[in-house]
Structures are given as structure tokens and as C-alpha cells.
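Enquirer: Heads up, the sequence shown is in this note's numbering, so the first residue is 155 and it goes up one at a time. What follows is a single structure, and I will ask about it in a moment.
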Amino acid sequence: MRVVVGGGTGFVGRALTQLLRSRGHQVTHVSRQGGEDRITWEELSHSGLPPCDAVVNLAGENVLNPFRRWGDAFCREVISSRVETTKALAEAIAAAEQPPRAWVLVTGVGFYRPSPTAEYTEDSPGGDFDFFSRLVSSWEAAALIPGSPTRGVVVRPGVVLGRDGGAIAQMLLPFRLGLGGPMGSGLQPFPWIHIQDLSGIVCHALEKESVQGILNGVAPSSPGTSNGTFARELAAALGRPALLPVPAWAVRAVFGAERAVMLLEGQRVLPKRTLESGYSFIFPELPAALRDIVA
Ligand code: NDP
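Right under this line is the structure:
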């Protein structure tokens with residue numbers, strides 16, 4: 155299969171590209187910069203999609219970049235880097251002479267309202283209560299192609315755990331030094347997925363013709379994981395006993411109040427449709443996922 159991946163150069167994109175190539179698929183990235191096996195977003199808008207069988211979008215400015223101050227300009231970039239790239243790919247699919255068979259967008263569990271108790275499946279409502287939920291709604295709306303023969307799938311992942319990027323990359327140093335710990339109360343749910351499973355779900359969605367619609371990208375045991383459990387398990391995987399809680403005010407001071415919600419609150423999300431679609435998780439449990447990452 156020839157797969158075009160927007161934002162394929164990033165943390166998730168590198169893992170997905172490796173998996174797709176290992177399964178014999180050809181991958182072309184859409185990037186802000188040209189290069190081997192890449193086209194730029196400008197080339198996409200001028201010349202349309204290269205001949206392909208499937209399209210994925212992973213592009214997006216890193217929301218938790220601690221070096222970027224949370225403000226209007228950054229918010230606009232967070233939105234446009236997701237919504238405009240998704241729109242560009244959807245328009246290119248709609249205009250393609252030979253439409254691809256599958257179109258997979260990766261968004262986030264920020265769609266669901268943070269709650270310590272509520273459990274969400276793909277059928278639960280959301281998408282209309284804060285910055286992130288509205289972002290996911292407009293991002294997913296940008297992917298819609300009315301009347302298209304192309305099969306559409308949206309994967310909503312929790313925090314992606316992997317060796318060379320994402321949240322863990324920022325946490326490893328303090329935890330290795332014994333200076334890591336739960337954020338805020340530590341009681342908030344911590345929805346998570348191992349990067350191999352997120353890549354696996356996207357690949358499954360591309361390859362299996364019956365998969366369509368929303369799939370939650372979280373581990374099956376994720377609804378039982380709190381931020382405190384995660385911190386304890388990460389410390390254990392690293393063989394570090396110390397657990398210093400990070401107070402909520404410090405998280406807000408670094409990330410800004412609106413963005414700190416992502417860390418200080420969380421959702422209990424179940425991958426109901428993902429499991430029903432026949433996906434089998436490689437890392438359903440947190441201890442093994444973390445051992446694999448920090449080994
Ligand atoms: P990355 O931060 O690694 O970024 C992915 C790619 O997006 C980059 O390689 C870059 O490609 C492109 N990009 C970055 N900034 C911009 C911008 N301002 N405009 C256009 N393109 C940009 O993301 P991840 O791989 O971690 O995540 C992939 C997707 O999954 C994202 O949409 C993210 O929101 C979502 N997600 C990720 C989670 C995680 O824990 N990592 C959790 C939940 C959802 P290039 O430089 O080649 O243009």
C-alpha cells in the first residue's frame with residue numbers, strides 16, 4: 155500500500171513509518187520541509203496528492219512545548235497546524251482522480267470532559283466545553299469529506315508513551331534523578347497508550363477494510379491508571395524510590411492555566427470500538443509498557 159502521512163516526521167510518525175515499511179508499505183511524508191520521500195504542504199496544495207492508497211494526518215504544533223508561552227499566537231498555531239493540514243489533506247483526497255481507500259486522522263481524548271469518575275467510550279458525547287475539546291471537534295470536522303468513497307477513521311489517543319519523544323522524554327530526567335512525582339493531587343485519570351499500539355491501531359485501520367469511524371487510542375487498562383499510579387510505576391520501572399509531588403500551582407506556572415488542564419485533570423477512556431474492531435494490544439498493562447520504554 156502507498157501511504158501519505160502528514161506530520162510523519164514527528165514522534166508518532168517515525169514509529170508509524172517504521173511499522174508501515176516493515177509491513178511492506180511505501181510511505182511518503184507531507185512536511186513543512188522537502189526531502190527524500192517527502193512532499194511539502196505547498197506541493198500538496200498545488201499538485202494534489204501523489205498516487206496513493208491511503209492518507210494519515212499526524213501534523214500538529216506540540217501543545218506541551220514548555221518553551222512556548224500559552225497565548226493567542228500559540229493557540230492559533232496549535233489550531234491551524236491541525237485543522238488547516240487536515241483540511242488540505244481532505245481537499246486533496248476529494249480532488250483525487252483515483253481516491254485513496256482509507257483516510258486516518260489522529261486527534262486526542264481531549265474530546266471528552268475531564269472527570270475523576272465518568273467513563274467514556276467512542277459513543278460518548280464531548281467536544282464542546284473547553285479549548286481542547288473544541289479543537290478536537292473542529293479538527294475532526296475538517297476531515298469530513300461528504301459523499302466520498304474513501305473510508306474515514308479517527309483515532310483519539312491518550313498520552314503517547316514512547317522512548318524518544320512525547321511526555322516521557324520530558325519526565326525521564328527528573329524521575330531518573332528521583333525528583334519526579336505525581337502532578338497536583340495525583341488522583342486525576344491518566345489516559346495512556348504505548349507508541350507501538352498507537353502505530354498498530356493506525357496500521358490496523360489502514361489495512362482492515364471494515365474499520366470505520368472513531369477509535370479510542372488508549373490501553374485497555376488505562377481507565378484504572380491515575381496520574382499518581384503512573385508516577386509510581388515510572389519510578390518503579392526506573393528503580394527510583396523518590397516521589398516528589400509537583401504542586402498544581404507549579405504546573406500552571408510553567409504551562410499556563412488552560413494548558414495545565416491536560417496534566418492536572420484527565421479522562422477515563424475505554425477503547426471499546428478499537429477492541430471490537432479486532433485490534434489486539436501489545437501493551438495492555440502499564441508496568442510492561444514502561445519497562446519496554448525505559449529498558
Ligand atoms: P509531534 O510534536 O512530533 O509533531 C508531528 C509533526 O507535526 C512534526 O513532525 C511536524 O512535521 C508537524 N508540525 C509541527 N508543528 C507544526 C506546525 N506549526 N505546522 C505544521 N506542521 C507542524 O507530534 P506527535 O507525533 O507527538 O503527535 C502526532 C499527533 O498526535 C499530533 O496531532 C498530536 O496532537 C496527536 N497526539 C499526540 C499525543 C502525544 O502524547 N504525543 C497525545 C494525543 C494526541 P514537519 O516538521 O515535518 O512539518
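We put the CB at the ideal spot given by N, CA and C, even for glycine. Predicted model only: the values in this text are computed from it and were never measured.
Leaving out the 5 sequence neighbours to the left and right, which residues in its chain are closer than 8 Å to Ser235 when beta-carbon positions are compared?
Expert: Your numbering for residue 235 matches position 81 in the sequence shown. Hits under 8 Å: Ala213, Gly214, Glu215.
Enquirer: Just reading off the alpha helix (DSSP H) that Gly354 is part of, what are its end residues?
Expert: Here residue 354 is taken as the residue at index 200 of the sequence shown, counted from 1. 349 to 361 is the span of the alpha helix (DSSP H), which, as asked, contains Gly354.
Enquirer: Since Ile368 sits in a beta bridge, which residues does DSSP pair it with?
Expert: Taking the first residue of the sequence shown as position 1, residue 368 is located at position 214. Answer by DSSP bridge pairing, in chain order: Val308.
Enquirer: Could you say which of Cys206, Leu352, Thr194 lies nearest to Thr304 if we only look at CA atoms?
Expert: Taking the first residue of the sequence shown as position 1, residue 304 is located at position 150. The residue with the shortest Cα to Cα distance from Thr304 is Cys206.
Enquirer: Indicate, with yes or no, if the ligand NDP has a heavy atom lying under 8 Å from the CB of Ala213.
Expert: Locating residue 213 in the sequence shown gives position 59, counting from the first residue. At least one heavy atom of the ligand NDP is nearer than 8 Å to the Cβ of Ala213, so yes.
Enquirer: Pairs of beta-carbons, one from the region 378 to 388 and one from the region 404 to 411, closer than 8 Å: are there three or more?
Expert: Contact fails: fewer than three Cβ-Cβ distances are below 8 Å.
Enquirer: Going by beta-carbon coordinates alone, are Val260 and Gly420 separated by less than 9 Å?
Expert: Here residue 260 corresponds to residue number 106 of the sequence shown, with the count starting at 1. Here residue 420 corresponds to residue number 266 of the sequence shown, with the count starting at 1. Cβ distance not < 9 Å, so Val260 and Gly420 don't count as in contact.
Enquirer: Taking the alpha-carbon of Arg413 as reference, which of Ile193, Leu170, Gly225, Glu197 has the nearest alpha-carbon?
Expert: Here residue 413 is taken as the residue at index 259 of the sequence shown, counted from 1. Here the closest residue by C-alpha is Gly225.
Enquirer: Whose C-alpha, out of Met155, Leu417, Ala359, Arg445, is nearest the C-alpha of Arg310?
Expert: Start at 1 with the first residue of the sequence shown, and residue 310 comes out as number 156. For the residues Met155, Leu417, Ala359, Arg445, the minimum Cα distance to Arg310 belongs to Ala359.
Enquirer: Asn216 lies in the beta strand (DSSP E); which residues open and close that run?
Expert: As a position in the sequence shown, residue 216 is number 62, starting the count at 1. Unbroken run through Asn216: none, as it is neither H nor E.
Enquirer: Does the beta-carbon distance from Gly378 to Pro336 come in below 9 Å?
Expert: For this step, residue 378 is matched to residue 224 along the sequence shown. For this step, residue 336 is matched to residue 182 along the sequence shown. No; because the gap between Cβ atoms is not below 9 Å, this pair is not in contact.
Enquirer: Are Phe435 and Pro425 closer than 9 Å when you measure CB to CB?
Expert: By 1-based counting over the sequence shown, the position of residue 435 is 281. By 1-based counting over the sequence shown, the position of residue 425 is 271. Going by C-beta atoms, Phe435 is nearer than 9 Å to Pro425.
Enquirer: At which residue ranges does the region 231 to 298 contain complete alpha helix (DSSP H) runs of 4 or more residues, listed in the order of the chain?
Expert: Here the runs fully enclosed are 285 to 296.
Enquirer: Just curious, the alpha helix (DSSP H) that His200 is in, first and last residue?
Expert: Within the sequence shown, the letter at position 46 stands for residue 200. Its alpha helix (DSSP H) spans residues 195 to 201.
Enquirer: Is it the case that the Cβ atoms of Ala246 and Leu173 are separated by a distance below 9 Å?
Expert: The count along the sequence shown starts at 1 and reaches residue 246 at position 92. The count along the sequence shown starts at 1 and reaches residue 173 at position 19. No. Outside cutoff.
Enquirer: Whole-angstrom Cβ separation of Ser287 and Gly264, contact assumed at under 8 Å?
Expert: To locate residue 287, count along the sequence shown from 1; it is residue 133. To locate residue 264, count along the sequence shown from 1; it is residue 110. Confirmed, about 6 Å.
Enquirer: If you measure from the CB of Arg186, is any heavy atom of the ligand NDP nearer than 8 Å?
Expert: Mapped onto the sequence shown, residue 186 falls at position 32. The answer is yes for Arg186.
Enquirer: Run through DSSP, which three-state label would Ala323 get?
Expert: By 1-based counting over the sequence shown, the position of residue 323 is 169. Helix, per DSSP.
Enquirer: Rounded to a whole number of angstroms, what is the C-alpha to C-alpha distance between Gly280 and Gly262?
Expert: Position 126 of the sequence shown, counted from the start, is the residue given in the question as residue 280. Position 108 of the sequence shown, counted from the start, is the residue given in the question as residue 262. Rounded to the nearest angstrom, the two C-alpha atoms are 12 Å apart.
Enquirer: Over what stretch of residues does the beta strand (DSSP E) that includes Leu315 continue unbroken?
Expert: What you label residue 315 is simply residue 161 of the sequence shown in a count that begins at 1. Start and end: 313 to 315.
Enquirer: Need the endpoints of the alpha helix (DSSP H) that Thr383 sits in, please.
Expert: As a position in the sequence shown, residue 383 is number 229, starting the count at 1. Run containing Thr383: 381 to 391, per the alpha helix (DSSP H) assignment.
Enquirer: Shortest alpha-carbon distance to Pro395 belongs to which of Thr271, Thr428, Arg330?
Expert: By 1-based counting over the sequence shown, the position of residue 395 is 241. Of the candidates Thr271, Thr428, Arg330, the one whose C-alpha sits nearest the C-alpha of Pro395 is Arg330.
Enquirer: How long is the line joining the alpha carbons of Asp351 and Leu315, rounded to whole angstroms?
Expert: For this step, residue 351 is matched to residue 197 along the sequence shown. For this step, residue 315 is matched to residue 161 along the sequence shown. If I take the Cα positions, the gap works out to 10 Å.
Enquirer: Is the beta carbon of Arg168 sitting closer than 9 Å to the one on Asp318?
Expert: Stepping through the sequence shown from its first residue, residue 168 is reached at position 14. Stepping through the sequence shown from its first residue, residue 318 is reached at position 164. Yes, these two residues count as a Cβ contact at 9 Å.
Enquirer: Only counting the same chain, and skipping five residues up and downstream in sequence, which positions put a Cβ closer than 8 Å to that of Thr271?
Expert: Counting from one through the sequence shown, the residue named residue 271 turns up at place 117. For Thr271, where only same-chain residues beyond five positions count, the Cβ hits under 8 Å are Arg422.
Enquirer: Whole-angstrom Cβ separation of Asn211 and Gly161, contact assumed at under 8 Å?
Expert: As a first step, residue 211 must be located in the sequence shown, where it is residue number 57. As a first step, residue 161 must be located in the sequence shown, where it is residue number 7. Confirmed, Cβ separation roughly 6 Å.
Enquirer: Tell me whether Arg222 sits in a helix, a strand or coil according to DSSP, three-state version.
Expert: For this step, residue 222 is matched to residue 68 along the sequence shown. Here Arg222 sits in coil by DSSP.
Enquirer: Between the Cα of Trp257 and the Cα atoms of Leu398, Ile322, Ile368, which residue gives the shortest distance?
Expert: The sequence position of residue 257 within the sequence shown is 103, counting from 1. The shortest C-alpha separation from Trp257 is found at Ile368.
Enquirer: Return the first residue and the last residue of the alpha helix (DSSP H) that Gly178 is part of.
Expert: Position 24 of the sequence shown, counting from 1, holds the residue named residue 178. Per DSSP, Gly178 belongs to no alpha helix (DSSP H) and is neither H nor E.
Enquirer: Along the chain, where does the alpha helix (DSSP H) containing Val405 start, and where does it finish?
Expert: Within the sequence shown, residue 405 is the residue found at index 251, counting from 1. Segment 402 to 409, the alpha helix (DSSP H) holding Val405.
Enquirer: Who are the near neighbours of Val313 in its chain, counting only those whose CB is closer than 8 Å to its CB and skipping five residues on each side?
Expert: Taking the first residue of the sequence shown as position 1, residue 313 is located at position 159. Here the set comprises Gly320, Ala321, Phe344, Pro345, Trp346, Ile347.
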